[in-house]
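Numbering (the numbering used here), first residue to last: 13 to 432.
Quick reminder that beta carbons are idealized off the backbone N, C-alpha and C, glycines included.
Model, not experiment: these values are computed from the prediction.
See structure below.
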């Protein structure tokens, strides 16, 4: 490739914002009716210091480096009339060397919504209003760190499809209060899920969830399910919110006590705080999130999750193989995220944002708290449309017998995100 061709490619890559409007068509002068499309991809290069006893295709490994497509999204939305809205999102996650042959384009979201007023909108479809916290409906194209914390969801990929289920919802804004409430049919568990996690197949009751936040400063959009789950506005808004959420499903789990079966409900109570605002004329900004969740998944429930796994599931520690560690469980979870956006440069538009994340969980099924943390740097070439992230995550390794921490391991990730 010639030098001129490389230069042109880089200009296009880091200036995608100028092409974004090509994917939107308005039907009236005010732009109140429109059809719009969007495309986003997140690409990973990753080094993992693996859990004890990890194997890939039965070959022992103590460390590994791989490339993957962490996420891609193709979205369509249309304001057909002033009171009729349609939204659809296609895509998939974790396209790596283990899944590349089996990955397909999946229908993630599809919903239709009727607006009675800004105070009350009613929608139905496949949707993600299914948990207790701001980041249930995380806008993954605007995250502060590399990945959301999935403990606020019901059962990620167990009784749902990547956090989504079929149902209906109501949402709206009442003064400074923004709310959503949903009812949804949850996916029937597989034989493996029943065996491994004691999910009940007998009862197929509905799931319920709600989240309400009070917006002290500017209002956030609630146009799509993900509009209110922004991780950072990069100094473009003044946001200060307090939120409360609750998720519930009756008789989600079953266990045998003597000769009888006992059924446990699922409950998730969440309280959180979010702040994102510029603090000077040079547009340096702070982002802060603090969330607490009290969760019940059944007696001594603990679930290990390894993000974007290419590993065999077995291992010699409680964590299992690869990069897995205890993420979801019965007990209490505290999540903290902090970011600082450095001031604008007079030379170019590139912005830098170091961040820190910390998660502390006290699960009934473990004999020691789960303490993990993340460090990283976001480099914004063109806001979230062209963004490079350097991230590090440190996780505890639990002994399979004592269920206490006996070592720690880390993961390094370089991610590039592009969106049009």
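Practice problem: Using the DSSP secondary-structure output, state which residues sit across from residue 148 in a beta bridge. | Solution: On the chain shown, residue 148 is found 136 positions in, with the first residue counted as 1. Looking at the DSSP assignment, residue 148 forms no beta bridge with any residue, so it has no partner.
Exercise. Provide the residue span of the beta strand (DSSP E) that contains residue 418, from first to last.
Key: The residue labelled residue 418 in the question sits at position 406 within the chain shown. Element bounds for residue 418: 417-431.
Quiz prompt | Whole-Å CB distance - residue 328 paired with residue 143, under 8 Å assumed | solution = In the chain shown, residue 328 corresponds to position 316, counting from 1. In the chain shown, residue 143 corresponds to position 131, counting from 1. Between residue 143 and residue 328 the Cβ distance is about 33 Å, and since that is not below 8 Å, they are no contact.
Quiz item: Quick one, which of 352, 345 and 218 has its alpha-carbon nearest residue 295's?
Solution: Position 283 of the chain shown, counted from the start, is the residue given in the question as residue 295. When each option's Cα is compared against that of residue 295, the closest is 352.
Self-check item: Boundaries of the beta strand (DSSP E) in which residue 78 is found, first to last residue
Solution: Position 66 of the chain shown holds residue 78. That run of the beta strand (DSSP E) goes 75-93.
Quiz prompt | Candidates 361, 308, 379 and 392: closest to residue 416 by CA position | solution = Indexing the chain shown from 1 puts residue 416 at position 404. Looking at the Cα atoms, 379 is the closest of the given residues.
Quiz item: Is the distance from the Cβ of residue 139 to the Cβ of residue 179 below 8 Å?
Solution: On the chain shown, residue 139 is found 127 positions in, with the first residue counted as 1. On the chain shown, residue 179 is found 167 positions in, with the first residue counted as 1. In contact: residue 139 and residue 179 (Cβ atoms closer than 8 Å).
Quiz item: So with Cβ pairs under 8 Å, would you call residue 406 a contact of chain B?
Solution: The structure shown contains no chain B, having only a single protein chain.
Practice problem: Sort out for me which residues DSSP pairs residue 279 with in a bridge. | Solution: Sequence index remark: in the chain shown, residue 279 carries index 267 (1-based). 260 and 308, per the DSSP bridge assignment.
Quiz item: Hey, out of 318, 348, 387 and 129, whose CA is closest to residue 340's CA?
Solution: Taking the first residue of the chain shown as position 1, residue 340 is located at position 328. Minimum Cα distance to residue 340 is reached at 318.
Quiz item: Within this structure, are the beta carbons of residue 404 and residue 424 separated by less than 8 Å?
Solution: Start at 1 with the first residue of the chain shown, and residue 404 comes out as number 392. Start at 1 with the first residue of the chain shown, and residue 424 comes out as number 412. Yes, Cβ-Cβ distance for residue 404 and residue 424 is below 8 Å.
Self-check item: First and last residue of the uninterrupted alpha helix (DSSP H) at residue 205
Solution: Looking up residue 205 in the chain shown gives position 193. Segment 203-209, the alpha helix (DSSP H) holding residue 205.
Self-check item: residue 138 - partner residues in DSSP beta bridges
Solution: Looking up residue 138 in the chain shown gives position 126. Bridge partners of residue 138: 122 and 178.
Quiz item: Quick one, which of 160, 252 and 52 has its alpha-carbon nearest residue 175's?
Solution: In the chain shown, the residue the question calls residue 175 occupies position 163. Closest by C-alpha distance to residue 175, out of 160, 252 and 52, is 160.
Practice problem: Using alpha carbons as the reference points, say which of 146, 374 and 397 lies closest to residue 363. | Solution: Stepping through the chain shown from its first residue, residue 363 is reached at position 351. Measuring from the Cα of residue 363, the nearest candidate turns out to be 397.
Practice problem: Taking the CB atoms as reference points, tell me whether residue 67 and residue 333 lie closer together than 8 Å. | Solution: Numbered from its first residue, the chain shown carries residue 67 at position 55. Numbered from its first residue, the chain shown carries residue 333 at position 321. Less than 8 Å separates the beta-carbon of residue 67 from that of residue 333.
Quiz item: If you drop the 5 nearest sequence neighbours on each side, which residues of the same chain put their C-beta closer than 8 Å to that of residue 94?
Solution: Taking the first residue of the chain shown as 1, we reach residue 94 at position 82. Excluding sequence neighbours, residue 94 sits near 44, 45 and 127.
Exercise. Could you tell me the distance, in whole angstroms, from the CA atom of residue 106 to the CA atom of residue 83?
Key: Residue 106 sits at position 94 when you count from the first residue of the chain shown. Residue 83 sits at position 71 when you count from the first residue of the chain shown. Near 6 Å, if we compare the C-alpha coordinates of residue 83 and residue 106.
Practice problem: List the residues that DSSP assigns as beta-bridge partners of residue 219. | Solution: Here the question's residue 219 lines up with position 207 in the chain shown. Answer is 196 and 261, bridged to residue 219.
Quiz item: How long is the line joining the alpha carbons of residue 162 and residue 147, rounded to whole angstroms?
Solution: Here residue 162 refers to the residue found at position 150 when the chain shown is read from its first residue. Here residue 147 refers to the residue found at position 135 when the chain shown is read from its first residue. Here the alpha carbons of residue 147 and residue 162 stand approximately 8 Å from one another.
Exercise. Ignoring anything shorter than 3 residues or poking outside the segment 32-74, list the beta strand (DSSP E) runs there in chain order.
Key: You should have 36-38 and 46-61.
Self-check item: Burial state of residue 265, where buried means 16 or more other Cβ atoms lie within 10 Å
Solution: Here residue 265 corresponds to residue number 253 of the chain shown, with the count starting at 1. Burial call: buried.
Quiz item: Among all the DSSP beta bridges, which residues are the ones paired with residue 129?
Solution: By one-based count along the chain shown, residue 129 stands at place 117. Per DSSP, 132.
Quiz item: Alpha carbon to alpha carbon, what distance is there between residue 97 and residue 182?
Solution: Position 170 of the chain shown, counted from the start, is the residue given in the question as residue 182. Position 85 of the chain shown, counted from the start, is the residue given in the question as residue 97. Cα to Cα, the separation comes out at about 14 Å.
Quiz item: Which residues in the same chain as residue 247 place their Cβ atom closer than 6 Å to its Cβ, once the five residues preceding and following it in sequence are excluded?
Solution: Taking the chain shown and counting its residues from 1, the one referred to as residue 247 is at position 235. The residues are 290, 295, 297 and 353.
Quiz item: Opposite residue 405 in the DSSP bridges: which residues?
Solution: In the chain shown, counting from the first residue as 1, residue 405 sits at position 393. According to DSSP, residue 405 bridges with 386 and 423.
Quiz prompt | Cβ contact check for the segment 182-195 and the segment 215-231: 3 or more pairs under 8 Å | solution = yes
Quiz item: Do three or more CB pairs link the segment 115-131 to the segment 270-287 at distances below 8 Å?
Solution: no
Self-check item: Spatial distance of residue 27 from residue 51 (CA atoms)
Solution: Position 15 of the chain shown, counting from 1, holds the residue named residue 27. Position 39 of the chain shown, counting from 1, holds the residue named residue 51. Low per-residue confidence applies at residue 27: pLDDT is 49, beneath 50, and the placement is therefore not dependable, though the value from the model is reported in the following sentence. Here the C-alpha atom of residue 27 lies approximately 15 Å from the C-alpha atom of residue 51.
Exercise. Could you name the residues that DSSP lists as bridge partners for residue 398?
Key: Start at 1 with the first residue of the chain shown, and residue 398 comes out as number 386. For residue 398, which the question treats as bridged, DSSP gives the partners 430.
Quiz item: Among residues of its own chain, excluding the 5 on either side of residue 428, which ones have a beta-carbon nearer than 6 Å to its beta-carbon?
Solution: Here residue 428 refers to the residue found at position 416 when the chain shown is read from its first residue. Around residue 428: 55 and 400.
Quiz item: For residue 117, which of helix, strand or coil comes out of DSSP?
Solution: Within the chain shown, residue 117 is the residue found at index 105, counting from 1. Residue 117 falls in the coil class under three-state DSSP.
Practice problem: May I ask which residues mark the beginning and end of the beta strand (DSSP E) holding residue 314? | Solution: Mapped onto the chain shown, residue 314 falls at position 302. Taken as a continuous stretch (DSSP letters only), the beta strand (DSSP E) holding residue 314 covers 314-317.
Exercise. Take residue 131 and list the residues in its own chain whose beta-carbon comes closer than 8 Å to its own, dropping the five residues that flank it on each side.
Key: Position 119 of the chain shown, counted from the start, is the residue given in the question as residue 131. Cβ neighbours of residue 131 beyond the five flanking positions: 184, 185 and 186.
Quiz item: Mind checking whether residue 331 and residue 63 have CB atoms under 8 Å apart?
Solution: Taking the first residue of the chain shown as position 1, residue 331 is located at position 319. Taking the first residue of the chain shown as position 1, residue 63 is located at position 51. Yes.
Quiz item: Less than 8 Å separating the beta-carbons of residue 100 and residue 121?
Solution: Against the chain shown, residue 100 aligns to sequence position 88. Against the chain shown, residue 121 aligns to sequence position 109. Yes, these two residues count as a Cβ contact at 8 Å.
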